[in-house]
């Protein structure tokens, strides 16, 4: 289905308790109000996106975005999760698709806004339920959702979207920050409000650090700890990169880094996002970029990348999916073009990463700091 693209909408950016249903209803009302604001206000974003970019977005949306605004993870049995809703919202904003943006945020508010704060439940099943521990939050999804709302609000002049972004950012600050056991004044971004932490051990996912988004949200919300968490997160990633492939999950302890208690110690599908996020944040010279590219290039099969390596550095999974190749290409300062047919041959995750890499290349020159 053809989508109307508004270039003004696509613009790159620089504790809550109460009645859940009341907040959900109020949020849907804000979205309706912002639909009007988005049509009549906002700053000029420059030239509209090139046809191939919008064609790639339309192809992605046709496959992974339901008519109700639900982003569908086809590789996980058709579930939806906060990561997908956050990514989808950002992509809709970046491509100027206000209809998709409103639909994604409306669905998210109605189905994942079930907590007594402004964070999302992390998983929704195809039977329409958030089950058991699925109400726990996942910080990466909340960060991307808040950043997308902030960007859209600033581009269109919709103060309600900005206010919603600020509320999410403040709850991330209040609920998802822990002191580094080695230096209490240094904040670690936790992977979720319910993630394990003690005074001497904090669970950390390096790929949840999206520095550009965290700094923008920290500035907008007046929460300097989010900015400090971005700074310290970059230092932690650099330290890990100095030891080898950056892991998906790690424990930060009083003595340094240790194997995580809930996850295998490996570098896989989470960690491969690190070069994308760092380059997007203007950190092309960060050690995490070079290490991430070096890890990806360990594959033996021609045209493939190593997408999973174990604790000993042995490659256990390789892939030639365009989405993963796009991250390596971005790290090499040779952004890979997206074709409208790419989504047809990929599952949700690589297809989504490919579009995110395209937006990153557009918003941050990959070679600017190399």
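Residue numbers (the numbering used here): 41 to 410. Where a beta carbon is used, it is the ideal one built from N, C-alpha and C, also for glycine.
**Q.** Inter-residue Cα distance where the pair is residue 302 and residue 392
**A.** The residue labelled residue 302 in the question sits at position 262 within the chain shown. The residue labelled residue 392 in the question sits at position 352 within the chain shown. The alpha-carbon atoms of residue 302 and residue 392 are separated by roughly 26 Å.
Q) Across which residues does DSSP place residue 306 in a beta bridge pair? A) Working through the chain shown from its first residue, we reach residue 306 at position 266. Partner(s): none; residue 306 has no beta bridge.
**Q.** C-alpha distance - residue 58 paired with residue 355, whole-angstrom precision
**A.** Reading the chain shown from its first residue, position 18 is the one you call residue 58. Reading the chain shown from its first residue, position 315 is the one you call residue 355. Confidence is the limiting factor: at residue 58 the pLDDT is only 38, short of 50, which leaves the residue's position unreliable and the question unanswerable from this model.
Q: Have a look at residue 306 and residue 155 and give me their C-alpha separation to the nearest angstrom.
A: The count along the chain shown starts at 1 and reaches residue 306 at position 266. The count along the chain shown starts at 1 and reaches residue 155 at position 115. Those two C-alpha atoms are separated by around 31 Å.
Q. From residue 256 to residue 380, what does the alpha carbon distance come to, in whole angstroms?
A. For the purposes of this step, residue 256 is taken as residue 216 along the chain shown, with counting starting at 1. For the purposes of this step, residue 380 is taken as residue 340 along the chain shown, with counting starting at 1. In this structure, the alpha-carbon of residue 256 lies about 31 Å from that of residue 380.
Q. When burial is assigned at 16 or more other CB atoms within 10 Å of the CB, is residue 363 buried or exposed?
A. In the chain shown, the residue the question calls residue 363 occupies position 323. Residue 363 comes out buried.
**Q.** Nonlocal neighbours in the same chain, by C-beta distance under 6 Å from residue 109, ignoring five residues either side
**A.** For this step, residue 109 is matched to residue 69 along the chain shown. Around residue 109: 143, 144, 146, 147.
Q.
Which of the three DSSP states is assigned to residue 243 in this structure?
A. By 1-based counting over the chain shown, the position of residue 243 is 203. Note: residue 243 maps to strand in three-state DSSP.
Q) Taking 6 Å as the line, does the beta carbon of residue 366 fall inside it for any heavy atom of the ligand SAM? A) Of the ligands one can find in the structure shown there are none, so the ligand SAM has no counterpart to examine.
Q: Classify residue 169 as helix, strand or coil using the three-state DSSP reduction.
A: Here residue 169 is taken as the residue at index 129 of the chain shown, counted from 1. Look at residue 169 here: in three-state DSSP terms it is coil, with no helix or strand label.
Q.
So, does the segment 218-233 touch the segment 174-182, judging by three or more C-beta pairs under 8 Å?
A. Segments in contact, yes.
Q) Looking only at DSSP bridge pairs, what is residue 359 linked to? A) On the chain shown, position 319 is the one that residue 359 refers to. Looking at the DSSP output, residue 359 bridges to 345.
Q) Can you round the beta-carbon distance between residue 394 and residue 359 to whole angstroms, since I take them to be within the 8 Å contact cut? A) Start at 1 with the first residue of the chain shown, and residue 394 comes out as number 354. Start at 1 with the first residue of the chain shown, and residue 359 comes out as number 319. Between residue 394 and residue 359, the beta carbon gap of about 12 Å keeps them out of contact (Cβ cut-off 8 Å).
Q.
As an exercise, report each continuous beta strand (DSSP E) stretch of at least 3 residues that is fully enclosed by the segment 199-224, in chain order.
A. Taking only runs of at least 3 residues, the beta strand (DSSP E) segments lying wholly in the segment 199-224 are 217-220.
**Q.** Neighbourhood of residue 346 by C-beta distance below 8 Å, restricted to the same chain and skipping five residues each side
**A.** The residue you call residue 346 lines up with position 306 of the chain shown. Taken in chain order, the residues that qualify are 335, 336, 337, 338, 339, 355, 357, 358.
Q: Starting from the N-terminal side, write out each stretch of the alpha helix (DSSP H) that is 4 residues or longer and does not extend beyond the segment 112-197.
A: The segment 112-197 contains these whole alpha helix (DSSP H) runs: 122-134, 138-151, 179-196.
Q: May I ask you to report which of helix, strand or coil DSSP gives residue 228?
A: Start at 1 with the first residue of the chain shown, and residue 228 comes out as number 188. Residue state, collapsed to three classes: strand.
Q: Let me know if residue 414 comes out buried or exposed under the rule of 16 or more other beta-carbons within 10 Å of its beta-carbon.
A: Because the chain here runs from 41 to 410, residue 414 falls outside it and cannot be looked at.
Q. Does the Cβ of residue 304 have 16 or more other Cβ atoms within 10 Å, making it buried, or fewer, making it exposed?
A. As a position in the chain shown, residue 304 is number 264, starting the count at 1. By the 10 Å Cβ count, residue 304 comes out exposed.
Q | For residue 298, the residue or residues it bridges with in DSSP | A | Along the chain shown, one-based indexing puts residue 298 at 258. 291.
**Q.** Neighbourhood of residue 77 by C-beta, 7 Å cutoff - its chain only, sequence neighbours within 5 removed
**A.** Counting from 1 along the chain shown, the entry for residue 77 is found at position 37. Here the model assigns residue 77 a pLDDT of 35, short of 50, so the residue's position is not dependable, and the following value carries that caveat. So the list reads 196, 197, 198, once near-sequence residues are dropped.
Q) Using the beta-carbon count (16 or more within 10 Å), is residue 166 buried or exposed? A) Here residue 166 is taken as the residue at index 126 of the chain shown, counted from 1. With fewer than 16 other beta carbons inside 10 angstroms of its own, residue 166 counts as exposed.
Q | For residue 130 and residue 331, the rounded distance between their alpha carbons | A | On the chain shown, residue 331 is found 291 positions in, with the first residue counted as 1. On the chain shown, residue 130 is found 90 positions in, with the first residue counted as 1. The alpha-carbon atoms of residue 331 and residue 130 are separated by roughly 27 Å.
(Q) Suppose you measure from the CA of residue 444 to the CA of residue 172; what does that come to, to the nearest Å? (A) Within the shown structure, residues of the chain are numbered from 41 to 410, placing residue 444 beyond reach of any answer.
Q. From residue 258 to residue 277, what does the alpha carbon distance come to, in whole angstroms?
A. The count along the chain shown starts at 1 and reaches residue 258 at position 218. The count along the chain shown starts at 1 and reaches residue 277 at position 237. The C-alpha of residue 258 lies about 20 Å from the C-alpha of residue 277.
Q. Where do the ends of the alpha helix (DSSP H) carrying residue 336 lie?
A. As a first step, residue 336 is located in the chain shown; it is residue number 296 there, counting from the start. Boundaries of the alpha helix (DSSP H) harbouring residue 336: 327-336, taken from the DSSP string.
Q) Does the beta-carbon of residue 191 have 16 or more other beta-carbons within 10 angstroms, so that it is buried, or is it exposed? A) On the chain shown, position 151 is the one that residue 191 refers to. Under this definition residue 191 is a buried residue.
(Q) I'd like to know whether the C-beta atoms of residue 115 and residue 388 end up nearer to each other than 7 Å. (A) Position 75 of the chain shown holds residue 115. Position 348 of the chain shown holds residue 388. Residue 388 is positioned such that its CB atom lies closer than 7 Å to that of residue 115.
Q. Which partner residues of residue 238 appear in the DSSP bridge assignment?
A. For this step, residue 238 is matched to residue 198 along the chain shown. The partner list for residue 238 (beta bridge, DSSP) reads 241.
Q. Taking C-beta to C-beta, are residue 375 and residue 401 nearer than 7 Å?
A. Counting from one through the chain shown, the residue named residue 375 turns up at place 335. Counting from one through the chain shown, the residue named residue 401 turns up at place 361. A contact, by the Cβ cut-off of 7 Å.
Q: List the DSSP bridge partners of residue 266.
A: Counted from its first residue, the chain shown places residue 266 at position 226. Under DSSP, residue 266 takes part in no beta bridge, so it has no partner.
Q. Which residues in the same chain have their Cβ closer than 6 Å to the Cβ of residue 103, if we skip the five residues on either side of it in sequence?
A. Translated into positions along the chain shown, residue 103 becomes position 63. Only 383 meet the Cβ criterion.
Q. Hey, residue 132 and residue 202 are a contact pair by Cβ (cut 8 Å); roughly how many whole angstroms apart?
A. Position 92 of the chain shown holds residue 132. Position 162 of the chain shown holds residue 202. Wrong, their Cβ atoms sit about 17 Å apart, outside the cutoff.
**Q.** Member of 262, 271, 204, 289 whose CA lies at the smallest distance from the CA of residue 236
**A.** Translated into positions along the chain shown, residue 236 becomes position 196. It is 289.
Q: Find out if the Cβ-Cβ distance for the pair residue 321, residue 390 is shorter than 7 Å.
A: Along the chain shown, one-based indexing puts residue 321 at 281. Along the chain shown, one-based indexing puts residue 390 at 350. No. Outside cutoff.
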